[in-house]
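Presented below is the structure to which this report refers.
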Amino acid sequence: VLYVDGYPRWEQRYLKNLLLREGSIESSSLLLATDRKYIQDGDIELDALPDSLEQWREFDVLVLGDVRPDVFTWDQLDQIREHIAVNGAGLIWIGGPSATPAAWWGTSLADVLPFTASAYDGSAVGDPVLMQPSDVATRLGILRLGNDPEEQWPRALASPQAGWSQLRWMQFIRNPGLKPITEVVAWGVPAYGSPEDATPAVMSMRYGAGRVIYVATDEIWRWRYGRGELLPERFWVQMIRLLGRESLARTGQSALLTVSPRRSVVDQPVRIEVELLEQSLIDRDLGSVTVEVTRQRLPGEDDFEVFEDEVVLRPEGRDHRRYAAVWLPPSPGRWEVRARDTLSLGSALSGEAIVSLPDDEMRRPETDHPALAALSQATEGDVIAPADMGELKDKLRDRSVILRSEITESLWDTPLALILVVTLLTCEWVGRRLIKLL
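Per my numbering, residue 89 is the first one in the sequence shown, and the count goes up by one each step.
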């Protein structure tokens, strides 16, 4: 994955770190601007942007944020378009208030935008919105953010009461300007308005052998407040894996095994999914796919107890292309997930799940406000809301101590200190005279 953005912003910061943490994705993240220099991050180091079609083939998915096209040459823009159309690469656009999509209309990549210039005039939706997936998301197998297979979109994201579920900024894209082959994957529904005023939030479009997805907001990072990294990770990783499947099929891989979330806690539902990429496997109409889950020995773990589990994946949908099941981790540790039906699937499939205890402090690195409030109450303290910061000075107790007679004596004002310094200098001078250094 190659991720290019134009400047540091919250979405860029969290998406970059997400790509670094995800072990199944190799990425390179760049911040590029014509008048600034930034440091790149990622598993792949680049001396420069690819300048040939062969070099672009190394990347299965491209992510373009709010970056100006000036950082690319005209040849590079043509190569990106050809890489998508011919090689089947995937492209994700992340809209922003600066350059995307306004600065791209006069370039060759305007062809891979899922709407025309008449659909967007630079304005944003006036009020906060809630994202609501469409049937297209279900068909593509993305935006499945819930733990329950029957409820793939969490209820908290559909309610404005939580606060963090509201996206404060989204581009206002008009439906009549969508290209004929564009599909709306998710809508931006006004949090306190009529659903009839919904605007496209996530769009998908086929372009040649590849696929393009446009996300009209850079506010997905707000979902971290409710569930940590879980919801943003599922949102972005599922899209990236969708766009990379064509590349996986070209490399000869016939199926794909995914574990979501990769990091979980004991007894938290973990979704295990196998997706068939070859039509010959789909035509076999497999009734189920069995995977084995085995706990791995950790470094320094002496009392190691072998844990093995077997999970049967059932088909989802009528096309028998995707098989899934929910597994509940019984104990913490590093678990290997491996498909047992390698002869049926035609390739060895494996994944990994990292499970921790529910009370592990590293499981939820975000601030635990209820725990802090309980600690404050137990120590006879107070919890002050940001709006009441003016009361802080009145609630702070006066811990100052008044000394009626303060006695201070400076070290360098004593006669002993002066005698020691003069004696040391005299001894050094006498010694130098004796050995004829002076």
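Note that CB positions come from ideal geometry on N, CA and C, so glycine has one too.
Item checked: Secondary structure of E271, DSSP reduced to three states -> The three-state secondary structure of E271, taken from DSSP, is strand.
Next item on the list: Verify whether the separation of the beta carbon atoms of E307 and M291 is less than 8 Å.
Entry: Judged by their CB atoms, E307 and M291 are not nearer to each other than the 8 Å cut-off.
Margin query: Could you compute how far the alpha carbon of G421 sits from the alpha carbon of R350?
Written below: Looking at the backbone, the Cα of G421 and that of R350 are separated by about 12 Å.
Next item on the list: Can you give me the start and stop residues for the beta strand (DSSP E) that P288 sits inside?
Entry: Its beta strand (DSSP E) spans residues 287 to 295.
Next item on the list: Provide the residue(s) that pair with Q254 in DSSP beta bridges, ordered along the chain.
Entry: Beta-bridge partners of Q254 (DSSP): none assigned.
Check: Thinking C-alpha only, which one of S253, A473, L106 is nearest Y313?
Finding: Nearest option by C-alpha distance: S253.
Note to self: Quick check: D166 and D139, are their CB atoms within less than 8 Å of each other?
What the structure shows: For D166 and D139, no; Cβs fall outside 8 Å.
Next item on the list: Determine, using beta carbons only, whether R256 and P216 come nearer to each other than 8 Å.
Entry: Result yes, Cβ atoms of R256 and P216 sit closer than 8 Å.
Next item on the list: Compare the C-alpha of L134 against each of L90, G111, R156 and name the closest.
Entry: Relative to L134, the option among L90, G111, R156 whose CA is nearest is L90.
Notebook entry, point to check: Under 8 Å between C-beta atoms, does E424 make it to chain D?
Noted result: In the displayed structure, chain D is absent; only one protein chain is listed.
Checklist line | Residues bridged to S352 [DSSP beta-bridge criterion] | finding: According to DSSP, residue pairing for S352 in a beta bridge involves V443.
Next item on the list: Give me the Cα-Cα distance between E361 and A412, rounded to the nearest whole angstrom.
Entry: Rounded to whole angstroms, the separation of the alpha carbons of A412 and E361 is 4 Å.
Check: In whole angstroms, what separates the C-alpha of L522 from that of E516?
Finding: The C-alpha of E516 is placed about 10 Å away from the C-alpha of L522.
Margin query: Could you check whether G298 and G183 sit closer than 8 Å to each other, using their CB atoms as the reference points?
Written below: Cβ distance not < 8 Å, so G183 and G298 don't count as in contact.
Check: Below 8 Å between beta carbons: does that hold for D456 and T378?
Finding: Going by C-beta atoms, D456 is not nearer than 8 Å to T378.
Item checked: Inter-stretch contact (C-beta, 8 Å, three-pair minimum) for the region 178 to 197 and the region 153 to 162 -> These segments touch.
Margin query: In this structure, how does DSSP classify F323 when only helix, strand and coil are distinguished?
Written below: In the three-state reduction of the DSSP assignment, F323 falls in the helix class.
Next item on the list: Alpha carbon to alpha carbon, how far is Q465 from W275? Give it in angstroms, no decimals.
Entry: Using only the alpha carbons, I get a separation of about 43 Å.
Check: If we ignore side chains and look at the alpha-carbon of each, how far apart do F532 and A187 end up?
Finding: The displayed coordinates of the chain run from 89 to 526. Any statement about residue 532 would go beyond what the structure contains.
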